[in-house]
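Written below as structure tokens is the structure these notes are about.
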Amino acid sequence: GASLKQNSVSNISNQEKEHLLEAKFVRCSVRAEVRHLRKVLCHRLNVQMLFNNESLPDHMTMKRLWLSHWFGKSQPLVLHYTIKDKRSR
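Take the sequence shown: its letters are residues 1 to 89, numbered as in UniProt numbering.
Given below as structure tokens:
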């Protein structure tokens, strides 16, 4: 499975962070694409998904990412994300 961890948060109050990011991880299918995970997190936020500090394309599936970068390594595959308040663009 894949695990999603927060990389950094800026321009968001602690109360907003607690409300918007109650779960520390998102469990998903191997068929899920980065854009599906982004939709989970992006209702009110500008989220950038990262693997090894590189931005991931929206169309990439977790299976493709796992096969190309994580095959043979211990689980879970760890992704990071950055968050910015949409109002600060």
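Glycine included, C-beta positions come from ideal geometry on N, C-alpha and C.
Residues of the same chain with a CB within less than 8 Å of the CB of MET60, apart from the 5 flanking positions on each side, are GLU33, VAL34 in chain order. The bridge partners DSSP lists for MET49 are TYR81. Per DSSP, the unbroken alpha helix (DSSP H) holding LYS39 starts and ends at 34-41.
Residue environment for VAL40: exposed (fewer than 16 other C-beta atoms within 10 angstroms of its C-beta). Burial state of LEU67 is exposed, judged by a 10 Å Cβ sphere holding fewer than 16 other Cβ atoms.
By alpha-carbon distance to ARG31, the top candidate from ASP58, GLY72, ILE83, HIS80 is ASP58.
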